[in-house]
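Numbering (the UniProt record's numbering), first residue to last: 1 to 310. The beta-carbon is built from N, C-alpha and C at its ideal position, and this holds for glycine as well. Quick notes on the structure that follows.
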Amino acid sequence: MPQVVLTLPASTLQKMKTYYASQSKPNVPSSALFAAKTGACTITAYRSGKVLFQGKNPEEESGKWGTGSSTSGQKKKSSSHHRYHPSESLFTSSHIGSDEAGTGDYFGPITVAAAYVTAEQIPQLKAIGVKDSKNLSDAQITDLAKDLIALKIPYSLLRLPNKKYNQLQKKGWSQGKMKTILHHQAINRLLEKIAPDKPEGILIDQFSQPDVYQKHLRSEKQQLQKDVYFMTKAESYSIAVAAGSIIARSAFVKAMDTLEFDTGLPIPKGASGKVDKAAAAVIEAYGEDKLDELAKVHFANTEKAKKLVR
1 MPQVVLTLPA
11 STLQKMKTYY
21 ASQSKPNVPS
31 SALFAAKTGA
41 CTITAYRSGK
51 VLFQGKNPEE
61 ESGKWGTGSS
71 TSGQKKKSSS
81 HHRYHPSESL
91 FTSSHIGSDE
101 AGTGDYFGPI
111 TVAAAYVTAE
121 QIPQLKAIGV
131 KDSKNLSDAQ
141 ITDLAKDLIA
151 LKIPYSLLRL
161 PNKKYNQLQK
171 KGWSQGKMKT
181 ILHHQAINRL
191 LEKIAPDKPE
201 GILIDQFSQP
211 DVYQKHLRSE
221 KQQLQKDVYF
231 MTKAESYSIA
241 VAAGSIIARS
251 AFVKAMDTLE
261 FDTGLPIPKG
271 ASGKVDKAAA
281 AVIEAYGEDK
291 LDELAKVHFA
301 NTEKAKKLVR
């Protein structure tokens, strides 16, 4: 279906709302300012300033307000490719994207989310502001995650509690292997959820070489699904990966808030000196065993925290 997206100032959005008042639609997405339907297309204006024109002839209607840009335009791909690197066509197709959060954080679980986005949904998700979660605040991530759920974007979310993380680490599992199995399980669960629909591809935000990823799968008697691709910074190219990133990050933020509530102590993100002090406070309040539940204890922060307590 032809689509055009415009980015317009708030003053123009208000003029449009008045202009299309008689053609307004009753059901408006929570992140939208208004929605209307004309003979040429459907119009949805979002609070972000983006307006999506979608239908038989969106250019006719969008041309009244400005010059639109095709929603199929993508950033230039990295010149360093491997055989599992996706073609640009995947970014505008119906596909699954998978990403994780919490891997470099001392406190909080690793969270992995896979999301399925159809080609028709891509412009709408761009319009509401779905993008690389690293460029969003925690508040924005929380709001966008709610929007994705409200739009019924199919997803699968897995959390690895740090108590289990520490058990696997002591058994010899690397963090890379843990992430591999989490991504693999999340994708399998999502494929079951969307069946009989089949994605045109599956894109994983690359955290290891594809051959290493497959080696980890084989060690657990698993094998790569069909049409899986790997790409670094994939969330900057794929809306599906960006959606997965937002859902994973939102779950991680929620888990961190829960840790603060449960302990009554500040639990900072990351692995800085501030985190060392927070870990020392946990030891003083609850003892060293508590860290095994809250933190990735093989991080250097553990020994630094113990020295602060002494």
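Measuring C-alpha to C-alpha distances from Val28 to each of Val282, Ala305, Gln167 and Ile128 identifies Ile128 as the nearest. In the DSSP assignment, the residues bridged to Lys37 are Thr42. Exclusion of the five residues before and after Glu260 leaves Ile267 as the residues of its chain whose Cβ lies within less than 6 Å of its Cβ. Cβ neighbours of Leu148 within its own chain (closer than 6 Å, five residues either side excluded): Ala243.
With 16 or more other Cβ atoms inside 10 Å of its own Cβ, Thr180 counts as buried. Beta-bridge analysis with DSSP links Phe91 to no other residue.
For Phe230, the enclosing beta strand (DSSP E) begins and ends at Val228 to Met231.
For Glu61, the closest alpha carbon among the candidates Gln124, Tyr20, Lys163 and Ala32 is that of Tyr20. Under the three-pair Cβ rule at 8 Å, the stretch 169-183 does not count as touching the stretch 42-57. Nearest to Pro109 by C-alpha distance, out of Lys269, Arg83 and Leu33, is Lys269.
For Arg159, the secondary structure class from DSSP, reduced to helix, strand or coil, is strand. Under the 10 Å beta carbon count, Ser87 is surrounded by fewer than 16 other beta carbons and is classified as exposed. The beta carbons of Val117 and Lys50 sit about 17 Å from each other, so the pair does not count as a contact at 8 Å. Burial is judged here by how many other beta carbons sit within 10 angstroms of a residue's own beta carbon; Val241 has at least 16 and is buried.
With a cut-off of 8 Å on Cβ pairs, the stretch 175-192 is not in contact with the stretch 135-147, counting fewer than three such pairs. Residue burial annotation: Gln167 is exposed, with fewer than 16 other C-beta atoms found within 10 angstroms of its C-beta. The residues Tyr106, Pro268 and Asn301, in chain order, have a CB closer than 6 Å to that of Val275 in the same chain once the five nearest residues on each side in sequence are set aside.
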